[in-house]
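With this note's numbering, letter number 111 in the sequence shown gets 120, and the count goes up by one each step, no holes.
Note that CB positions come from ideal geometry on N, CA and C, so glycine has one too.
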Amino acid sequence: MSSPKQQEEREVRGASRREFLKTAATGAAAVMGAPGAAQAFDFESFLQKNFRQMSDEEIDEVLDRLSRKYSKKYGKDVTVDAVGPMDDVVYGYGLDISRCIGCRRCVYACVEENNQSRDPEIQWIRVLEFEREAATRGIDMEDGNPYYDHETVPAEDKFYLPMACMHCEDSPCTNVCPTGATWSDPDGIVVIDYDWCIGCRYCMAACPYGARKFNWGEPNVSAEDINPDMHLLGNRPRSRGVVEKCSFCIQRVRKGRYPACLEACPVGARKFGNLLDPDSEIRYLLKHKRTFVLKSELKTNPKFFYFYG
Numbered sequence: 010m011s012s013p014k015q016q017e018e019r020e021v022r023g024a025s026r027r028e029f030l031k032t033a034a035t036g037a038a039a040v041m042g043a044p045g046a047a048q049a050f051d052f053e054s055f056l057q058k059n060f061r062q063m064s065d066e067e068i069d070e071v072l073d074r075l076s077r078k079y080s081k082k083y084g085k086d087v088t089v090d091a092v093g094p095m096d097d098v099v100y101g102y103g104l105d106i107s108r109c110i111g112c113r114r115c116v117y118a119c120v121e122e123n124n125q126s127r128d129p130e131i132q133w134i135r136v137l138e139f140e141r142e143a144a145t146r147g148i149d150m151e152d153g154n155p156y157y158d159h160e161t162v163p164a165e166d167k168f169y170l171p172m173a174c175m176h177c178e179d180s181p182c183t184n185v186c187p188t189g190a191t192w193s194d195p196d197g198i199v200v201i202d203y204d205w206c207i208g209c210r211y212c213m214a215a216c217p218y219g220a221r222k223f224n225w226g227e228p229n230v231s232a233e234d235i236n237p238d239m240h241l242l243g244n245r246p247r248s249r250g251v252v253e254k255c256s257f258c259i260q261r262v263r264k265g266r267y268p269a270c271l272e273a274c275p276v277g278a279r280k281f282g283n284l285l286d287p288d289s290e291i292r293y294l295l296k297h298k299r300t301f302v303l304k305s306e307l308k309t310n311p312k313f314f315y316f317y318g
């Protein structure tokens, strides 16, 4: 986790950046000279404070504005919330490699639940296919094939390893963000404030798991496909030029539900729970199964565990 001094430095840099951008954007709107040019620019979103700096009243104003904005855009009742972490909860995820069949239903469920762009297509979960014999000598991520295409799965002599954000305790991505747009909440979920992401992609370069995705084009989600149950730091529509990733389905788990990928898994390979609860299923797995994390030598302390059932 970042030290108080590091956090303070990021907040100062972020505040300075915001003041500069406010002046620059206002000047640009004035120079354009077109009637209503300044009004057409979304100053409210562009200039709002970092989520962690906003008061409860300011957050409520943002949530109300976005709920009305998305409801109008998609023609349905959209609700954007900012439900915070629960006390005495740190989430952990487990995946049984011996059960996963590589069907990618988790991928499709994640796309639908989290309003990921269909064109250009963005997928937060990547499923790698390996030769089964590779399991005996150790997993080298470079050997994984994410582009397999079989008539039926699992293919003979293959095994599968889904990957997404590992929600690391010591996350390299949050340590390099120059604006403080990404951080780890007390429940272990690494979140992103999309309004403060400047698209520098430092976090993408720092992540050793390739978990973060960049919006190169304007995201495209139809009104028919949009999930109206949104979270400010999770599955609300992201704009072009920002980074996004798995949030453990923050809009679901903070309301006591399972992530969408877990519910979609047809073979029960996915497990999720509270790492602080000694009676939780995830704690049982860590105690009684052969578990491991990817790239453990990097000491990032992921909260995503793999095991053999």
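Where residue 187 and residue 226 are concerned, what is the direct C-alpha to C-alpha distance, given to the nearest angstrom? Mapped onto the sequence shown, residue 187 falls at position 178. Mapped onto the sequence shown, residue 226 falls at position 217. Using only the alpha carbons, I get a separation of about 23 Å.
* The beta strand (DSSP E) enclosing residue 161, as first and last residue numbers -> One-based indexing of the sequence shown puts residue 161 at position 152. Note, residue 161: premise wrong, no beta strand (DSSP E); not H, not E.
Could you tell me which of 289, 84 and 201 sits nearest to residue 61, measuring between CA atoms?
Within the sequence shown, the letter at position 52 stands for residue 61. Comparing Cα positions, the closest option is 201.
Residue 317 burial status per 10 Å Cβ neighbour count (16 or more: buried): By 1-based counting over the sequence shown, the position of residue 317 is 308. Exposed, by the Cβ-count rule.
- [ ] Please determine if the stretch 207-214 and the stretch 175-190 are in contact, where contact requires at least 3 C-beta pairs separated by less than 8 Å.
- [x] Because the criterion of three Cβ pairs below 8 Å is met, the stretch 207-214 and the stretch 175-190 touch.
- Task: For the stretch 68-106, list the beta strand (DSSP E) runs that are entirely contained and at least 3 residues long, ordered along the chain.
- Result: You should have 88-90 and 100-105.
Out of 117, 205, 309 and 240, which one is the CA nearest neighbour of residue 93? Locating residue 93 in the sequence shown gives position 84, counting from the first residue. Residue 240 holds the alpha-carbon nearest to the alpha-carbon of residue 93 among 117, 205, 309 and 240.
| message | What would DSSP say about residue 254, mapped onto helix, strand or coil? | response | Here residue 254 refers to the residue found at position 245 of the sequence shown. Looking at residue 254 - three-state DSSP - the assignment turns out to be coil, as it is neither helix nor strand.
Exercise. Going by other Cβ atoms of all chains shown within 10 Å of its Cβ, with 16 needed for buried, is residue 129 buried or exposed?
Worked result: In the sequence shown, residue 129 corresponds to position 120, counting from 1. That one is exposed.
At least three beta-carbon pairs within less than 8 Å, the stretch 77-84 to the stretch 285-299
No, they do not touch.
According to DSSP, is residue 44 helix, strand or coil?
Numbered from its first residue, the sequence shown carries residue 44 at position 35. For residue 44, the pLDDT reaches just 42, beneath the cut-off of 50, and the residue's location in the model is therefore unreliable, leaving the point undetermined.
| Going by beta carbon distance, what residues of the same chain come within less than 8 Å of residue 229, once the five residues before and after it are set aside? | Counted from its first residue, the sequence shown places residue 229 at position 220. Cβ neighbours of residue 229 within its own chain (closer than 8 Å, five residues either side excluded): 126, 127, 128 and 129.
Does DSSP classify residue 140 as helix, strand or coil? In the sequence shown, residue 140 corresponds to position 131, counting from 1. Under the three-state reduction of DSSP, residue 140 is assigned to strand.
Measure the alpha-carbon distance for residue 288 versus residue 314 and round it to whole angstroms. Here residue 288 is taken as the residue at index 279 of the sequence shown, counted from 1. Here residue 314 is taken as the residue at index 305 of the sequence shown, counted from 1. Linking residue 288 to residue 314 through their CA atoms gives a straight-line distance of about 17 Å.
**Q.** Unbroken alpha helix (DSSP H) run spanning residue 176, endpoints
**A.** Counting from one through the sequence shown, the residue named residue 176 turns up at place 167. For residue 176, there is no enclosing alpha helix (DSSP H), as DSSP marks it with neither H nor E.
Since residue 303 is in the alpha helix (DSSP H), which residue starts that stretch and which ends it? Stepping through the sequence shown from its first residue, residue 303 is reached at position 294. Note, residue 303: premise wrong, no alpha helix (DSSP H); not H, not E.
- Which partner residues does residue 169 have in the DSSP bridge list? Along the sequence shown, one-based indexing puts residue 169 at 160. The partner list for residue 169 (beta bridge, DSSP) reads 138.
**Q.** Coil, strand or helix - residue 200 by DSSP
**A.** The sequence position of residue 200 within the sequence shown is 191, counting from 1. Residue 200 falls in the strand class under three-state DSSP.
Exercise. Which whole-angstrom value describes the C-beta separation of residue 100 and residue 244, a residue pair presumed to lie in contact below a C-beta threshold of 8 Å?
Worked result: The count along the sequence shown starts at 1 and reaches residue 100 at position 91. The count along the sequence shown starts at 1 and reaches residue 244 at position 235. Contact doesn't hold; Cβ gap of about 16 Å is too wide.
Could you check what DSSP says for residue 309 in three-state terms: helix, strand or coil? Position 300 of the sequence shown holds residue 309. Of the three classes helix, strand and coil, the one that applies to residue 309 here is coil, per DSSP.
Q) Just the Cα atoms here: how many angstroms apart are residue 169 and residue 64? A) Against the sequence shown, residue 169 aligns to sequence position 160. Against the sequence shown, residue 64 aligns to sequence position 55. For residue 169 and residue 64, the distance between alpha carbons rounds to 45 Å.
Quiz item: Is residue 139 buried or exposed, if buried means 16 or more other CB atoms sit within 10 Å of its CB?
Solution: For the purposes of this step, residue 139 is taken as residue 130 along the sequence shown, with counting starting at 1. Under this definition residue 139 is a buried residue.
Practice item. Give me the Cα-Cα distance between residue 268 and residue 307, rounded to the nearest whole angstrom. Key: Here residue 268 refers to the residue found at position 259 when the sequence shown is read from its first residue. Here residue 307 refers to the residue found at position 298 when the sequence shown is read from its first residue. Roughly 27 Å separates the two Cα atoms.
- Item | Cβ pair residue 137, residue 278 closer than 7 Å | Translated into positions along the sequence shown, residue 137 becomes position 128. Translated into positions along the sequence shown, residue 278 becomes position 269. Contact: no.
- Query: Among 56, 224, 219 and 98, which has the Cα closest to the Cα of residue 281?
  - Reply: On the sequence shown, residue 281 is found 272 positions in, with the first residue counted as 1. Nearest option by C-alpha distance: 98.
Notebook entry, point to check: Hey, residue 218 and residue 303 are a contact pair by Cβ (cut 8 Å); roughly how many whole angstroms apart?
Noted result: As a first step, residue 218 must be located in the sequence shown, where it is residue number 209. As a first step, residue 303 must be located in the sequence shown, where it is residue number 294. Confirmed, Cβ separation roughly 6 Å.
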